[in-house]
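I have placed the structure first, in the form of structure tokens, so that the comments after it can refer back to it.
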Amino acid sequence: MPESSGKTTIAKALISELVRKGFLALPFKPLSSHSFWWRYETYLACLERRSLFSYDVFELAKEFKVEQPIEVLNPIDNLTSPLALSVSNLEGLEEYPHIKLFDNLAVSRFTYVDDDVKHVYCYRDFEQTRQLLEKVVDKAERLVEVKSVQDFLKLQRRFYLKSIETCFKQVEKDADYVVVEGYSDLVYPWRKVEDSKLILVAAPGYLLAYETSKFFKAIKQVSKPPLARFADVSSMVKPIVVEKLPPLTELELKQPILSYRYGRALKAVLDVLGQL
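Numbering (full-length UniProt numbering), first residue to last: 1 to 276.
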């Protein structure tokens, strides 16, 4: 489901429960974006660590003492900030789920693994993003200015799948379980998700689980699977688990009690996983 539906909270609770049971479970967020204006604390954290990343993944990695670089856990991240009051013509260019970000794009990072971990950054306006770019330049393989949506699309074609596939390969080789968190309510970040043991959908007050083969069969009936949203397929496939979730305070979301409060839903999910 879309942002603030509880995806990261579910990921945290599930990883916590798997770790408690003795498994090595790691988070993976292939694609993310955050706003300079509405997530300014994330921007400050990025400046401090001379990188660009999802703060949600950073917090998960810190809590579970993950040794992988944060950029490998989160291979593509986008910083948005209105740069100009303009609207690009995107007709026919929507090959990638976040291409619509372009008009508000400030900086993007693509990370891929090729013997070593490498980072490619693209930016719209150097002067407006100088503060961040000067922090990341020493770690960057390349800095690329994108002057048009076509330039941005060209980078997507070169690095989108390469980043996600090589980083996921690096993460999965060390893990018993990888919990992949989707972007907004998009449901098909890349082909490898078809190998998932189970599909979870977080919605306010509910956790749903779907059988993988049936879920992706429904997705493939959509014209462009990479752009498919949950709303496009929700009526085409039935969940095998439907569990209610209690509301939690912000303090509870950050405490070990999270797994306890979500215990019934987590047990239902783990019971299904145990049968696969």
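Just so it is clear, CB atoms sit at the ideal spot from N, CA and C, and this is done for glycine as well.
The structure presented is a predicted model; accordingly, all values stated were derived computationally and were not measured.
Considering only Leu251, Tyr188, Pro27, the residue with the shortest C-alpha distance to lysine 169 is Pro27.
In this structure, the beta-carbon distance from valine 187 to alanine 228 falls below 8 Å.
In the assembly as shown, alanine 265 is a buried residue. Its beta-carbon has 16 or more other beta-carbons within 10 Å. Bounds of the alpha helix (DSSP H) holding aspartate 232 are 230 to 233. Here the C-alpha atom of proline 247 lies approximately 42 Å from the C-alpha atom of aspartate 125. Of the candidates Arg50, Lys29, Asp114, Ala268, the residue whose Cα lies closest to the Cα of asparagine 74 is Lys29. By the neighbour-count criterion, in which 16 or more other beta carbons inside 10 Å mark a residue as buried, phenylalanine 23 falls on the exposed side. For a cut-off of 8 Å, the C-beta gap from leucine 18 to tyrosine 206 is around 21 Å, too long to register as a contact. Per the Cβ contact rule, the region 109 to 125 is in contact with the region 140 to 151 (3 or more Cβ pairs under 8 Å). Annotation: the continuous alpha helix (DSSP H) that includes valine 171 extends over 149 to 172. Look at asparagine 78 here: in three-state DSSP terms it is strand. Partner residues in the beta bridge of threonine 111, as assigned by DSSP, are His119. Beyond the five residues adjoining it in sequence on each side, leucine 155 comes within less than 8 Å, by CB distance, of Ser108, Phe110, Val120, Cys122, Val144, Val146 in the same chain, given in chain order. In this chain, the beta strand (DSSP E) harbouring isoleucine 199 covers 199 to 203. For leucine 208, the beta-bridge partners assigned by DSSP are Val201, Val242. Scanning the region 8 to 69 from its first residue to its last, the whole beta strand (DSSP E) runs of 3-plus residues come out as 25 to 28, 31 to 35. According to the DSSP assignment, glutamate 145 belongs to the beta strand (DSSP E) that extends over 142 to 145. For valine 269, the uninterrupted alpha helix (DSSP H) run begins and ends at 263 to 275, by DSSP. Contact annotation: proline 189 and leucine 60 have beta-carbon atoms that are not nearer than 8 Å. Taking all protein chains in view, the Cβ of glutamate 67 is surrounded by fewer than 16 other Cβ atoms within 10 Å, so the residue is classified as exposed. Rounded to whole angstroms, lysine 192 and arginine 130 show a C-alpha spacing of 36 Å. One Cα belongs to leucine 258, the other to glutamine 150, and the distance between them is close to 44 Å.
In this structure, DSSP gives valine 187 a state outside helix and strand, which the three-state scheme calls coil. The three-state reading of DSSP puts valine 72 in helix, counting H, G and I together.
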